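Engineer: Questions regarding the structure given below will be posed in turn.
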Amino acid sequence: MNDLRRNSTQSHRGFTLIELMVVVAIIAILALMAVPSYHDKHIREQVIEAMRLTDIAKGPIAAAWATTKTFPDDNAAADLPTPDKVVSNYVKSLTIEAGAIHVVFGNQANGALRGMTLSLRPAVIEDAPIVPVAWVCGFAAPPEKMTVIAANKTDLPKGWLPVNCR
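Counted from 1, the sequence shown has number 10 at position 10 by my numbering; the numbering is strictly sequential.
What follows is the structure, encoded as structure tokens:
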């Protein structure tokens, strides 16, 4: 009888094969759920870093508006190098077009981002030139009472854009 008790307690000490398979399946499901969110987070970080490059163009564009009440038509009018010379780790080119800044992703950007464009457009109050230029990113709505200048060429999915660009 002692042998019978000893055998029954020994058989319940560890996990059965089915229990181990269930644990592995649960871990696999959790891992699969985490990978897409990490991928999107990685892309958003690259977009945010690329947006920092636009700061070099914002100053000359805002200065042109403050002095002439017009926006530069291209990089040369904004005293910037040609679009293919304004690059970074994730940016292939930065183009000024009627005051808007268009960033084309490339170089070391995630493969899904390469060739896509993010636009930052100036927004102004046309009859109050003293009000500084505001910048409208991607699909974001302009500030109240401000007029957005130039076309939006953003073709990134909204989920990849920072919150202020959606």
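Quick reminder that beta carbons are idealized off the backbone N, C-alpha and C, glycines included. Predicted model, so just to flag it, every value in this text is computed and none were measured.
#1: Taking buried to mean at least 16 other C-beta atoms within 10 Å of its own C-beta, is Lys168 buried or exposed?
#2: If I'm right that Pro122 touches Ile61 with Cβ under 8 Å, what's the distance once you round it to whole angstroms?
#3: Contact between the region 29 to 47 and the region 67 to 76 is defined here as three or more beta-carbon pairs at a separation below 8 Å; is this criterion met?
#4: May I ask you to report which of helix, strand or coil DSSP gives Ser119?
#5: State yes or no: is the C-beta of Val136 within less than 8 Å of the C-beta of Val148?
#6: Tell me the DSSP secondary structure of Ser93 in three-state form.
#7: Helix, strand or coil: how does DSSP classify Ala77 here?
#8: Can you tell me which of the three DSSP states Ile101 falls into?
#9: Alpha carbon to alpha carbon, what distance is there between Thr82 and Gly159?
#10: Does DSSP put Val35 in a helix, a strand or coil?
#11: Counting along the chain, where does the alpha helix (DSSP H) carrying Trp65 start and finish?
#12: Roughly how many whole angstroms lie between the Cα atoms of Thr70 and Ile26?
#13: What is the residue span of the beta strand (DSSP E) that Ala112 lies within?
#14: Are Asn164 and Ala140 close, meaning C-beta to C-beta below 8 Å?
#15: What is the DSSP secondary structure of Val87, reduced to helix, strand or coil?
Structural biologist: Short version:
#1: In this structure the chain extends from 1 to 166, so residue 168 is not present and cannot be described.
#2: 6 Å
#3: no
#4: strand
#5: yes
#6: strand
#7: coil
#8: strand
#9: 30 Å
#10: helix
#11: 55 to 68
#12: 60 Å
#13: No beta strand (DSSP E) contains Ala112, which DSSP labels as neither H nor E.
#14: yes
#15: coil
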